[in-house]
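Trainee: With numbering that gives the first Met the number 0, you'll find the sequence shown wraps up at 187, consecutive numbering, no jumps. Beta carbons are placed, not taken as given, at the ideal position from N, Cα and C, and that holds for glycine. None of the values given here were measured: they were computed from a predicted structure.
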Amino acid sequence: MDAWINIAILVTIGIFFISGMRRGLIRQMMDVVGIIVAFVGGFYFAHYLALYLEQHLSLNYKISLAVSAIAIFVGIIVLFRFFGLVLQKFANITLLGAVDRLGGGIFGLFKGALLVSLILVLIFSLPFPNDFKDTLNKNRLSSALYPVLPGVFDFVLKHTPGGLDFDKNILRERRVPDFQHKPAADEV
Numbered sequence: 000m001d002a003w004i005n006i007a008i009l010v011t012i013g014i015f016f017i018s019g020m021r022r023g024l025i026r027q028m029m030d031v032v033g034i035i036v037a038f039v040g041g042f043y044f045a046h047y048l049a050l051y052l053e054q055h056l057s058l059n060y061k062i063s064l065a066v067s068a069i070a071i072f073v074g075i076i077v078l079f080r081f082f083g084l085v086l087q088k089f090a091n092i093t094l095l096g097a098v099d100r101l102g103g104g105i106f107g108l109f110k111g112a113l114l115v116s117l118i119l120v121l122i123f124s125l126p127f128p129n130d131f132k133d134t135l136n137k138n139r140l141s142s143a144l145y146p147v148l149p150g151v152f153d154f155v156l157k158h159t160p161g162g163l164d165f166d167k168n169i170l171r172e173r174r175v176p177d178f179q180h181k182p183a184a185d186e187v
């Protein structure tokens, strides 16, 4: 079973590497930045577009808000993809295409490792058989890739202004328990 786990992990990461080589670093980075900007833009500006749609199309506010958030999200992603294509064409003209492809492959490796880590985190979070979890735990490749997602998550939270407060507010709003909370001596 250990060999099959390694094969599945290596095939997944290999596919992401090849895809990254084909797409190039510039397009992939523009896609990632586009998703982040689209999420933030949809979050902050959907309200204004929703008010406009509500007034001019006589739509319910909640429907207008959903349509606005989706429209802003998709619009920003399309815009960033277009800019990514333009920048990639420029890089190919200036003979930076090989560097772009190599960087894309490395970035693809990282994305593949992130996906494998996400799958491992989900497996360990869900009720899978303990013998399967033990096999994954003992596997060198899966145990090396498991901390990638939690490490990236911690890095983003530490380097985002107000990131920790945002996380705590989201957890509190959704009434999800804060698993990092350790009770003080007087709470026990």
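DSSP state of N136, grouped into three classes?
Mentor: The residue given as residue 136 occupies position 137 in the sequence shown. It is helical.
Trainee: Specify whether the segment 96–112 and the segment 19–35 touch according to this definition: at least 3 beta carbon pairs, one from each stretch, less than 8 Å apart.
Mentor: Touching, yes, given that three or more Cβ pairs across the two stretches are closer than 8 Å.
Trainee: In chain order, what residues of the same chain lie with their CB nearer than 8 Å to the CB of L64, ignoring the 5 residues before and after it?
Mentor: The count along the sequence shown starts at 1 and reaches residue 64 at position 65. Around L64: A45, H46 and A49.
Trainee: Select from R139, G107, Y60 and N129 the residue whose C-alpha is nearest the C-alpha of V31.
Mentor: By 1-based counting over the sequence shown, the position of residue 31 is 32. The candidate whose alpha carbon is nearest that of V31 is G107.
Trainee: If distances are taken between C-alpha atoms only, which option among K157, E53, R80 and I105 comes closest to S67?
Mentor: Along the sequence shown, read from residue 1 onward, the residue named residue 67 stands at position 68. Residue E53 is the option with its Cα nearest to S67.
Trainee: Roughly how many angstroms separate the alpha carbons of M29 and F79, rounded to a whole number?
Mentor: Locating residue 29 in the sequence shown gives position 30, counting from the first residue. Locating residue 79 in the sequence shown gives position 80, counting from the first residue. Going by the C-alpha atoms only, they are around 6 Å apart.
Trainee: For the segment 128–136 against the segment 33–43, do three or more pairs of beta-carbon atoms, one drawn from each stretch, fall closer than 8 Å, so that the two count as touching?
Mentor: Too few Cβ pairs lie closer than 8 Å, so no.
Trainee: In whole angstroms, what is the alpha-carbon distance linking I105 and I62?
Mentor: Along the sequence shown, one-based indexing puts residue 105 at 106. Along the sequence shown, one-based indexing puts residue 62 at 63. Those two C-alpha atoms are separated by around 41 Å.
Trainee: Is it right to say N138 is buried, meaning 16 or more other beta carbons lie within 10 angstroms of its own, or is it exposed?
Mentor: By one-based count along the sequence shown, residue 138 stands at place 139. So N138 counts as buried.
Trainee: CB of G33 to nearest heavy atom of the ligand HEM: below 7 Å?
Mentor: The ligand HEM is absent from the structure shown, which contains no ligands of any kind.
Trainee: Taking 6 Å as the limit between beta carbons, can you name the residues of its chain near F16, skipping five residues before and five after?
Mentor: Translated into positions along the sequence shown, residue 16 becomes position 17. If we look at F16 and ignore the five residues flanking it on each side, its Cβ neighbours are G104, G107 and L108.
Trainee: Of all the options N91, L114 and S142, which has the alpha carbon lying nearest to the alpha carbon of V191?
Mentor: The requested residue 191 does not occur in the structure, where the chain is confined to residues 0 to 187.
Trainee: What does the Cβ neighbour count give for V147, buried or exposed, with the cut at 16 atoms within 10 Å?
Mentor: On the sequence shown, residue 147 is found 148 positions in, with the first residue counted as 1. So V147 ends up on the buried side.
Trainee: Since I believe L144 is in contact with S116 (beta carbons under 8 Å), could you give me their beta-carbon distance rounded to a whole number of angstroms?
Mentor: Counting from 1 along the sequence shown, the entry for residue 116 is found at position 117. Counting from 1 along the sequence shown, the entry for residue 144 is found at position 145. Yes, S116 and L144 are in contact; Cβ-Cβ is about 5 Å, under 8 Å.
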